[in-house]
Structure formats: structure tokens, C-alpha cells
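Enquirer:
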Amino acid sequence: MTQSPQLSIVVPVFNEQDNVAPLVQEIVTALRGVADFEIVYVDDHSRDGTLAALEALKAGVPELRVLHHVTQSGQSTAVRNGVKAARGAWIATLDGDGQNDPADIPKLLAKRAESAPEVKLFAGWRVNRQDSGSKRWASKWANAIRSRMLRDDTPDTGCGIKLFERAAFLELPYFDHMHRYLPALMQRAGCKTLSVPVNHRPRGAGVSKYNNLNRALVGISDLRGVAWLIRRGKITQIVER
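Under this note's numbering, read the sequence shown as residues 90 to 330, first letter to last.
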């Protein structure tokens, strides 16, 4: 790939060896002929065969790039490192478990084409969640609290499929778990965001890396921190004279 692509697909993964090949193929099927793209996988020091599966795919998928964390660093760090390494001006993210549908990426690109330039983030909205009842209930509860505290007007901030401007993302304050609060952080920076209904699927293989309790405990602390950032942030328009 000799020139910068229009779009970079960033996929963080940890122990997803059986989901790698099907998802990469779905990305290729959805985007070849639609956009000039690259795929940037970030392996967060997986302990299974994820890294070997990715390296084996590179020979047949020239768009694929593989980054590897030498120590496990978490999903937000993996997303940020993928975005920093990406060559596209716009980024689409997907969770590595296959629950996000790559066929929705062209839908997000079409929504971007018809939206105002001030909209820098298009967030997926899982209108038909394919998770357990307890996980759906916990997510609904968390989204209600987050919306009340942050007033980010986003029904599903935890959806892994998003499309955003790379430069705008890299201006955001970085902290662990920031990927869960991108709409609020973008709005704090003066950007507009838009939620777009997307497909959601059952996990193809493997197990979830989170449970409802650890999500809740971490989320309370994060919510307080993001709310503080919003209260303390200032947006100033600059005009060159």
C-alpha cells in the first residue's frame, strides 16, 4: 500500500483466535470496492493463538496490519495505539469478538457523507442486542445513569462499532476505559456526534472478557472522572487574523 488509505479499521483483540479469520474476511467483503482501506489489528498480548492467526492472514490480505502489545494494556490503550498507527484520516472501530457487523461500516460512511462537517463521531446503536438478559439489563441501567450524568444524548455509548475523525480522537484526553465515553468526550471538545442504528450478533466463539460486576465498579469511577472533565473543560473558538 503506497498511499494513505481513506479509512482505517481498528480492531483490538485479546484471546480471540477463532474469531480473527471470519471477521477479517467480513471486513474485506464489506469494503473492497467501497473504500480504500486498511485493517489495523492490535493484539493485547493474547495468550492463545490470536497473534499467530493474524500473522497467517497477512499473506492473503494485503490490507491487514498487525500490532502487538508486549504486555497486556487494556482495550482503550489498544484502540488508541491502533489509531495512532493508522494512516487513514477516518477510523472505524470494531470489537474483535465478531458481534459487530462490518457490513454496517458502509452505512456509517453514507451517514457521514450526508452529515455536516461538524459531526466528527458516528456511534453505533445496537437496537437489537444479542446478549444475555442480565447483560442487557446491566447495560440499560448503566446507559441511563451515564446519560443522566453526562447528558451526551447517546443511547448506546458502549457499542464497539464507531466511525470518527482520527485527528479529533487524538485530541481527546486519554485514560483507561476512555473508549466507553467517546461521544461525551467528543462533545466536550466541541464536536457533534450522531447515533446510527446497527446490527448486533451473538458472539461467534470464545468468552466475554468482562462481567457485569467489574463493568459496574469501574464504570462508577470513570463516570465521576468524565463528569469532572466536562465541568472543567472550556471550548474557545480561534480565528486567525
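Every residue, glycine too, gets a C-beta built ideally from N, C-alpha and C.
Who does Val100 pair with in a DSSP beta bridge?
Expert: Against the sequence shown, residue 100 aligns to sequence position 11. The partner list for Val100 (beta bridge, DSSP) reads Tyr130.
Enquirer: From the DSSP output, in three-state form, read off Thr118 for me.
Expert: Residue mapping note: residue 118 aligns to position 29 of the sequence shown, counting from 1. DSSP places Thr118 in helix when its eight states are reduced to three.
Enquirer: According to DSSP, is Pro286 helix, strand or coil?
Expert: To locate residue 286, count along the sequence shown from 1; it is residue 197. Of the three classes helix, strand and coil, the one that applies to Pro286 here is strand, per DSSP.
Enquirer: Strictly by DSSP, which residues pair up with Ala181?
Expert: As a first step, residue 181 must be located in the sequence shown, where it is residue number 92. Paired residue(s): Ile98, Leu252.
Enquirer: Would you grab the beta carbon distance between Ile194 and Arg255 for me? Rounded to a whole angstrom, and I think it's under 8 Å.
Expert: As a first step, residue 194 must be located in the sequence shown, where it is residue number 105. As a first step, residue 255 must be located in the sequence shown, where it is residue number 166. In fact, because the Cβ distance is near 15 Å, the residues do not count as touching under 8 Å.
Enquirer: Does the distance from the CB of Ser204 to the CB of Pro244 come in under 7 Å?
Expert: By 1-based counting over the sequence shown, the position of residue 204 is 115. By 1-based counting over the sequence shown, the position of residue 244 is 155. Contact flag unset, no.
Enquirer: Fully enclosed by the stretch 153 to 202, which beta strand (DSSP E) runs are 3 residues long or longer?
Expert: Whole beta strand (DSSP E) segments, 3+ residues: 153 to 157, 179 to 182.
Enquirer: What's the gap between the Cα of Gly249 and the Cα of Thr282?
Expert: Here residue 249 corresponds to residue number 160 of the sequence shown, with the count starting at 1. Here residue 282 corresponds to residue number 193 of the sequence shown, with the count starting at 1. Using only the alpha carbons, I get a separation of about 15 Å.
Enquirer: Classify Lys209: buried if its beta carbon has 16 or more other beta carbons within 10 angstroms, exposed otherwise.
Expert: Within the sequence shown, residue 209 is the residue found at index 120, counting from 1. Buried, since its Cβ has 16 or more Cβ neighbours within 10 Å.
Enquirer: On the CB-based measure, 16 or more other CB atoms within 10 Å of its CB, does Gln276 come out buried or exposed?
Expert: Residue numbering aside, residue 276 sits at position 187 when the sequence shown is read from its first letter. Buried, by the Cβ-count rule.
Enquirer: In this structure, does DSSP put Arg292 in helix, strand or coil?
Expert: Mapped onto the sequence shown, residue 292 falls at position 203. Three-state result, Arg292: coil.
Enquirer: In terms of residue numbering, what span does the alpha helix (DSSP H) encompassing Arg330 cover?
Expert: Counting from one through the sequence shown, the residue named residue 330 turns up at place 241. That residue, Arg330, is in no alpha helix (DSSP H); it is neither H nor E in DSSP.
Enquirer: Which residue wins for smallest C-alpha separation from Leu239, given the options Ala273, Gln95, Val129, Glu207?
Expert: In the sequence shown, counting from the first residue as 1, residue 239 sits at position 150. It is Ala273.
Enquirer: Beta-carbon within less than 6 Å of Gly187's beta-carbon, same chain only, minus the 5 sequence neighbours each way: which residues are those?
Expert: Counting from 1 along the sequence shown, the entry for residue 187 is found at position 98. The answer, listed in chain order, is Asn108, Leu112, Gly293.
Enquirer: What is the rounded straight-line gap between the Cα of Pro206 and the Cα of Ala142?
Expert: Your numbering for residue 206 matches position 117 in the sequence shown. Your numbering for residue 142 matches position 53 in the sequence shown. Each residue's alpha carbon lies about 38 Å from the other.
Enquirer: Relative to the alpha-carbon of Pro191, which residue among Gln114, Val315, Val129 has its alpha-carbon at the smallest distance?
Expert: Locating residue 191 in the sequence shown gives position 102, where the first residue counts as 1. When each option's Cα is compared against that of Pro191, the closest is Gln114.
Enquirer: Taking only the alpha-carbon atoms, compute the straight-line gap between Phe258 and Ala167 and give it to the nearest angstrom.
Expert: Locating residue 258 in the sequence shown gives position 169, counting from the first residue. Locating residue 167 in the sequence shown gives position 78, counting from the first residue. Each residue's Cα considered, the two are about 14 Å apart.
Enquirer: For Trp214, I'd like the list of residues in its chain whose CB is within less than 7 Å of its CB, leaving aside the five on either flank, ordered along the chain.
Expert: By 1-based counting over the sequence shown, the position of residue 214 is 125. Result list for Trp214: Pro244, Asp245, Cys248, Ser284, Val285, Pro286, Val287, in chain order.
Enquirer: By the 10 Å Cβ neighbour count, where 16 or more other Cβ atoms means buried, how is Leu302 classified, buried or exposed?
Expert: Residue 302 sits at position 213 when you count from the first residue of the sequence shown. The predicted position of Leu302 is uncertain, since its pLDDT is 46 and thus under 50; a value taken from the coordinates is nonetheless stated next. Leu302 is exposed by the Cβ-count criterion.
Enquirer: For Arg212 and Lys251, what's the separation of their Cα atoms in angstroms?
Expert: Translated into positions along the sequence shown, residue 212 becomes position 123. Translated into positions along the sequence shown, residue 251 becomes position 162. Checking the displayed sequence, the identity of residue 212 turns out to be Ala instead of Arg. Rounded to whole angstroms, Ala212 to Lys251 spans 5 Å at the Cα level.
Enquirer: Does DSSP put Asn301 in a helix, a strand or coil?
Expert: Sequence index remark: in the sequence shown, residue 301 carries index 212 (1-based). Low per-residue confidence applies at Asn301: pLDDT is 47, beneath 50, and the placement is therefore not dependable, though the value from the model is reported in the following sentence. In this structure, Asn301 counts as helix in the three-state DSSP scheme.
Enquirer: At what residues does the beta strand (DSSP E) containing Leu210 begin and finish?
Expert: Counted from its first residue, the sequence shown places residue 210 at position 121. From DSSP, the beta strand (DSSP E) with Leu210 extends over 208 to 215.
Enquirer: Locate the alpha helix (DSSP H) running through Leu276, then write down its first and last residues.
Expert: Taking the sequence shown and counting its residues from 1, one reaches residue 276 at position 187. Rather than Leu, the amino acid found at residue 276 in this sequence is Gln. Per DSSP, Gln276 belongs to the alpha helix (DSSP H) from 271 to 277.
Enquirer: How far does the alpha helix (DSSP H) with Glu144 in it extend, from its first residue to its last?
Expert: On the sequence shown, position 55 is the one that residue 144 refers to. Segment 139 to 146, the alpha helix (DSSP H) holding Glu144.
Enquirer: Around the C-beta of Asn217, are 16 or more other C-beta atoms found within 10 angstroms, so that it is buried, or is it exposed?
Expert: Translated into positions along the sequence shown, residue 217 becomes position 128. Asn217 is exposed by the Cβ-count criterion.
Enquirer: Given this structure, state the Cα-to-Cα distance separating His289 from Glu329, to the nearest angstrom.
Expert: Position 200 of the sequence shown, counting from 1, holds the residue named residue 289. Position 240 of the sequence shown, counting from 1, holds the residue named residue 329. Spanning the two alpha carbons is a distance of roughly 45 Å.
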